[in-house]
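*Asks:* In the numbering used here, the protein residues as written are 2 to 349. Don't be surprised by glycine CBs; every beta carbon is placed ideally from N, CA and C. Just so it is clear, the structure is predicted and the values come from calculations on it, not from any experiment.
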Amino acid sequence: MNKVETKGKSKFFILVIVLIFLFVSASFYYQSLFKPVSTRASEEVVVNIPSGYSTHQIAKLLKEKNLIKNEWFFVWRAKILKADGKLKAGKYLLSQNMTVDQIIEKIAAGKSEMDVFKVTIPEGYTVKDIAKKLAQIGLVDEKKFLEVAQNGDFEYSFLKNIPRDRPNRLEGYLFPDTYFIPVNADEKEIINMMLKRFEEVYNTVIKDNAQRMGMTPDEIVIVASIVEKEAVLDRERSIIAGVIYNRLKKKMKLELCPTVEYALGTHKEVLSYQDLKVDSPYNTYEHYGLPIGPICNPGLKSIEAALNPSKHDYYYFVARGDGTHIFSRTYQEHLKAQREVEREQNKK
């Protein structure tokens, strides 16, 4: 009997320990649900809550974006805070640093119009790159952004002579910069913000200087876009611009790889001979002169380089792979530079 009682007490003791452990674990988990997903520095994201969404649907959307830990806890807290059925549609700027209660209170108050998202568009981004970045953030619909950029009406003097049927009509004119964008801004409003920023650069830097060089503003932007894609170091931008102008004056094909990549619609570390034959008005291996339009949105330094090219007699350059280039005067020198680069890369 004593052994049976001892075994019974042991089992009871173990059961009590397990229950206490489960209770403490559940208590800790419950308390954790009140805390933010992350206490570290967290990037803000734009969450678009469609009209008619229920509290359950909103909870699922927030969970997918990793802004809350548990959907049912969110729904329960919304009921406790008397916000169930009162959460408003709209775009909201939220982060993993926010607690469930803070998220609920913000959406219930409909404070989306007060939110402004800070976004930086890097130099060299194409219109498609910009559309993709803004869509990932949640600020735009990618396809709609591209459609508005191509077909929307924009009243700017620098766009008057740009053919409306040019592929990516606004390429080169969505100025790369840091923008503070209201989360409720639509695609056209965001595009206008970037065009207005370009207009400032156009009026102060491009307009008169392009005329001085005997070029159109569009031609300057095209050259600047190529410089942007070719140059890594600021000190080489004007040198590369000088090479472009030297080749144009001598009526040589530019034969610049970034124009082929733009025609292909993708970046490639090494272009094949077949790539160089792609049928496109952007392909400077196949066509003389400048491509029919910019191949990216250049920054101010590349624009200034296009307006102030270095005076030299270089006609060729090859990338070393470390950001620098070897510049050559003749084709023979260029071939020698290519072999030198190949040797350097083979040593690595």
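1) Could you tell me the alpha carbon to alpha carbon distance between glycine 215 and threonine 205, rounded to whole angstroms?
2) When you compare only the Cα positions, how much space is there between glutamate 343 and cysteine 258?
3) In the structure shown, what three-state DSSP assignment does alanine 233 receive?
4) From this set, Arg170, Asn49 and Gln137, which residue's C-alpha is nearest isoleucine 108's C-alpha?
5) Thinking threonine 260 and isoleucine 296 are a contact (beta carbons under 8 Å), I'd like their distance in whole angstroms, please.
6) Can you tell me whether isoleucine 69 is helix, strand or coil according to DSSP?
7) Which value, in whole angstroms, describes the spacing of the CA atoms of glutamine 339 and glutamate 270?
8) Provide the residue span of the alpha helix (DSSP H) that contains histidine 335, from first to last.
9) Out of Asn71, Gly324 and Lys61, state which residue places its alpha-carbon closest to the alpha-carbon of proline 37.
10) Tell me, please, whether the segment 237–249 touches the segment 303–323 by the rule of three or more beta-carbon pairs shorter than 8 Å.
11) So alanine 242 packs on proline 310, CB below 8 Å; how close in whole Å?
12) Taking only the alpha-carbon atoms, compute the straight-line gap between glutamine 212 and methionine 253 and give it to the nearest angstrom.
13) Does DSSP classify proline 183 as helix, strand or coil?
14) Can you name the start and end residues of the alpha helix (DSSP H) that phenylalanine 199 belongs to?
15) Measure the alpha-carbon distance for valine 244 versus lysine 348 and round it to whole angstroms.
16) Express the C-alpha separation of leucine 140 and tyrosine 93 in angstroms, rounding to a whole number.
17) How would you label phenylalanine 328, buried or exposed, when you count the other beta carbons within 10 angstroms and need 16 or more for buried?
18) Touching or not, the segment 115–130 and the segment 162–171, by the rule of three or more beta carbon pairs under 8 Å?
19) Evaluate lysine 230 with the Cβ neighbour count: other Cβ atoms within 10 Å of its Cβ, from every protein chain shown; 16 or more gives buried, anything less gives exposed.
20) Glycine 243 lies in the alpha helix (DSSP H); which residues open and close that run?
21) For valine 25, which three-state DSSP category applies?
22) Just the C-alpha distance for lysine 189 and leucine 135, rounded to the nearest angstrom, thanks.
23) If the criterion is Cβ atoms closer than 8 Å, does the pair isoleucine 192 and valine 120 meet it?
24) Suppose only complete runs of 4+ residues qualify. What are the alpha helix (DSSP H) ranges in the segment 288–325, listed by chain order?
25) Going straight from the alpha carbon of glutamine 333 to that of leucine 160, what length do you get?
26) What separation, rounded to the nearest whole angstrom, lies between the Cα atoms of proline 292 and glutamine 58?
27) Where does threonine 267 sit, in a helix, a strand or coil, going by DSSP?
28) According to DSSP, is phenylalanine 155 helix, strand or coil?
29) In angstroms with no decimal places, state the Cα-to-Cα distance between lysine 337 and leucine 62.
30) Inspect the beta-carbon positions of proline 123 and proline 177 and report whether they are closer than 8 Å.
31) Starting from the Cα of leucine 301, find the closest Cα among Arg330, Glu156, Pro282 and Glu201 and give me that residue.
32) Under 8 Å, Cβ to Cβ, is there at least one residue of chain B near threonine 100?
33) Do you know offhand how far serine 55's Cα is from leucine 255's?
34) Report buried or exposed for threonine 325, applying the criterion of at least 16 other Cβ atoms within 10 angstroms of its Cβ.
35) State buried or exposed for threonine 350, treating a residue as buried only when at least 16 other CB atoms are found within 10 Å of its CB.
36) According to DSSP, is serine 55 part of a helix, a strand, or is it coil?
*Replies:* Taking the structure as given:
1) Looking up residue 215 in the sequence shown gives position 214. Looking up residue 205 in the sequence shown gives position 204. Straight-line spacing of the CA atoms in glycine 215 and threonine 205 works out to 17 Å.
2) Position 342 of the sequence shown holds residue 343. Position 257 of the sequence shown holds residue 258. For glutamate 343 and cysteine 258, the distance between alpha carbons rounds to 17 Å.
3) Sequence index remark: in the sequence shown, residue 233 carries index 232 (1-based). Residue 233 is actually valine in this sequence, not alanine. Coil, per DSSP.
4) One-based indexing of the sequence shown puts residue 108 at position 107. Its Cα nearest to that of isoleucine 108, the residue Asn49 stands out among Arg170, Asn49 and Gln137.
5) Indexing the sequence shown from 1 puts residue 260 at position 259. Indexing the sequence shown from 1 puts residue 296 at position 295. Yes, threonine 260 and isoleucine 296 are in contact; Cβ-Cβ is about 6 Å, under 8 Å.
6) Walking along the sequence shown from the start, residue 69 turns up at place 68. Of the three classes helix, strand and coil, the one that applies to isoleucine 69 here is coil, per DSSP.
7) Here residue 339 corresponds to residue number 338 of the sequence shown, with the count starting at 1. Here residue 270 corresponds to residue number 269 of the sequence shown, with the count starting at 1. Approximately 16 Å, taken between the alpha carbons.
8) Taking the sequence shown and counting its residues from 1, the one referred to as residue 335 is at position 334. Counted as a single uninterrupted DSSP element, the alpha helix (DSSP H) harbouring histidine 335 occupies residues 332–348.
9) Stepping through the sequence shown from its first residue, residue 37 is reached at position 36. For the residues Asn71, Gly324 and Lys61, the minimum Cα distance to proline 37 belongs to Asn71.
10) By the C-beta criterion, the segment 237–249 is judged to be in contact with the segment 303–323, since at least 3 inter-stretch pairs fall below 8 Å.
11) Working through the sequence shown from its first residue, we reach residue 242 at position 241. Working through the sequence shown from its first residue, we reach residue 310 at position 309. The pair is a contact, with the Cβ atoms about 4 Å apart (cut-off 8 Å).
12) On the sequence shown, position 211 is the one that residue 212 refers to. On the sequence shown, position 252 is the one that residue 253 refers to. Approximately 23 Å, taken between the alpha carbons.
13) The count along the sequence shown starts at 1 and reaches residue 183 at position 182. In the structure shown, proline 183 adopts extended strand secondary structure according to DSSP, grouped into three states.
14) As a first step, residue 199 must be located in the sequence shown, where it is residue number 198. Counting along the chain, the alpha helix (DSSP H) containing phenylalanine 199 begins and ends at 188–202.
15) For the purposes of this step, residue 244 is identified with residue 243 of the sequence shown, where counting begins at 1. For the purposes of this step, residue 348 is identified with residue 347 of the sequence shown, where counting begins at 1. Each residue's Cα considered, the two are about 29 Å apart.
16) Residue 93 sits at position 92 when you count from the first residue of the sequence shown. Residue 140 sits at position 139 when you count from the first residue of the sequence shown. Per the coordinates, the alpha-carbon of tyrosine 93 lies some 10 Å from the alpha-carbon of leucine 140.
17) As a first step, residue 328 is located in the sequence shown; it is residue number 327 there, counting from the start. With 16 or more Cβ atoms within 10 Å of its Cβ, phenylalanine 328 is classed as buried.
18) Flag = yes, the segment 115–130 and the segment 162–171 touch.
19) For this step, residue 230 is matched to residue 229 along the sequence shown. Residue burial is scored here from C-beta neighbours: lysine 230 has at least 16 other C-beta atoms within 10 angstroms and is therefore classed as buried.
20) Indexing the sequence shown from 1 puts residue 243 at position 242. For glycine 243, the enclosing alpha helix (DSSP H) covers residues 238–250.
21) Walking along the sequence shown from the start, residue 25 turns up at place 24. At valine 25 the pLDDT is 48, less than 50, meaning the model places this residue with poor confidence; the figure from the coordinates comes in the next sentence. Of the three classes helix, strand and coil, the one that applies to valine 25 here is helix, per DSSP.
22) For the purposes of this step, residue 189 is identified with residue 188 of the sequence shown, where counting begins at 1. For the purposes of this step, residue 135 is identified with residue 134 of the sequence shown, where counting begins at 1. Spanning the two alpha carbons is a distance of roughly 13 Å.
23) If you number the sequence shown from 1, residue 192 lands on position 191. If you number the sequence shown from 1, residue 120 lands on position 119. For isoleucine 192 and valine 120, no; Cβs fall outside 8 Å.
24) If we require 4 residues or more, the alpha helix (DSSP H) runs fully inside the segment 288–325 come out as 301–308.
25) Counting from 1 along the sequence shown, the entry for residue 333 is found at position 332. Counting from 1 along the sequence shown, the entry for residue 160 is found at position 159. Rounded to whole angstroms, glutamine 333 to leucine 160 spans 42 Å at the Cα level.
26) Stepping through the sequence shown from its first residue, residue 292 is reached at position 291. Stepping through the sequence shown from its first residue, residue 58 is reached at position 57. Note on geometry: alpha-carbon atoms of proline 292 and glutamine 58 lie some 49 Å from one another.
27) Residue numbering aside, residue 267 sits at position 266 when the sequence shown is read from its first letter. In the three-state scheme derived from DSSP, where H, G and I count as helix and E and B as strand, threonine 267 is classed as coil.
28) On the sequence shown, residue 155 is found 154 positions in, with the first residue counted as 1. Residue state for phenylalanine 155 is assigned as coil, using DSSP reduced to three classes.
29) For the purposes of this step, residue 337 is taken as residue 336 along the sequence shown, with counting starting at 1. For the purposes of this step, residue 62 is taken as residue 61 along the sequence shown, with counting starting at 1. Within the model, the alpha-carbon separation for lysine 337 versus leucine 62 is close to 59 Å.
30) Translated into positions along the sequence shown, residue 123 becomes position 122. Translated into positions along the sequence shown, residue 177 becomes position 176. Taking 8 Å as the Cβ cut-off, proline 123 and proline 177 qualify as a contacting pair.
31) On the sequence shown, residue 301 is found 300 positions in, with the first residue counted as 1. It is Glu201.
32) Annotation note: the requested chain B is absent from the structure, which comprises a single protein chain.
33) Taking the first residue of the sequence shown as position 1, residue 55 is located at position 54. Taking the first residue of the sequence shown as position 1, residue 255 is located at position 254. Looking at the two C-alpha atoms, the distance is approximately 58 Å.
34) Residue numbering aside, residue 325 sits at position 324 when the sequence shown is read from its first letter. Threonine 325 should be labelled exposed.
35) No information on residue 350 is available, as it lies outside the stretch 2 to 349 that the chain covers here.
36) Within the sequence shown, residue 55 is the residue found at index 54, counting from 1. Looking at serine 55 - three-state DSSP - the assignment turns out to be coil, as it is neither helix nor strand.
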